[in-house]
Amino acid sequence: MELNVRSDPDILLTGSDCARIEAALTAFPLCRSIAEFLAVHHRAMDTASGIAAWWVGSDVPAVQAALDCLVACGIVVAHTRTCGTIFGLNRHPAVRDWLRGILGEPSERRRPDPEITSA
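Residues in the sequence shown are numbered consecutively from 912, following this note's numbering.
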């Protein structure tokens, strides 16, 4: 499957690119956490520090490294604003569909609620 996900319409994401992205999402849990958040919240955008604090609860350098990986893959897009760089999901519909295909539907990703036992 080939997807055109980068800002240059002549650059295609090939099957081997897709395999690398899937490998990154498997090998780097923080990449997967960010991708899962964006798969559910398509319009969400924030700075690396905001993502670290509010989306994934991790340190900023680790989040920045994960974002750099996701930007290089074409899944996340970086936008320069006066407040700094903000990151969000690539708006291409095929990216969203492809990402949902890898990650599963949100209900499939949701962690089960802990069992409540009565005393």
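Positions of the beta carbon are idealized from the N, C-alpha and C atoms, including for glycine. Keep in mind that this is a model prediction, so the values were computed, not measured.
Which complete beta strand (DSSP E) runs does the stretch 969–996 hold, if anything under 3 residues is left out? 987–992
Am I right that Ile986 and Ile962 are in contact with their C-beta atoms under 8 Å? What's the rounded C-beta distance? Contact flag wrong, Cβ pair sits at about 14 Å.
What are the residues that DSSP puts in a beta bridge with Phe998? Asp957 and Ala989
In or out: Trp965 buried (at least 16 other Cβ within 10 Å) or exposed? exposed
With a cut-off of 8 Å on the beta carbons, I'd call Arg1007 and Leu1000 a contact; round off their distance for me. 7 Å
For Phe948 and Cys980, which I take to be in contact (beta-carbon distance under 8 Å), what is that distance rounded to the nearest angstrom? The Cβ separation is near 15 Å, so there is no contact.
Alpha carbon to alpha carbon, how far is Leu1010 from Ala950? 7 Å
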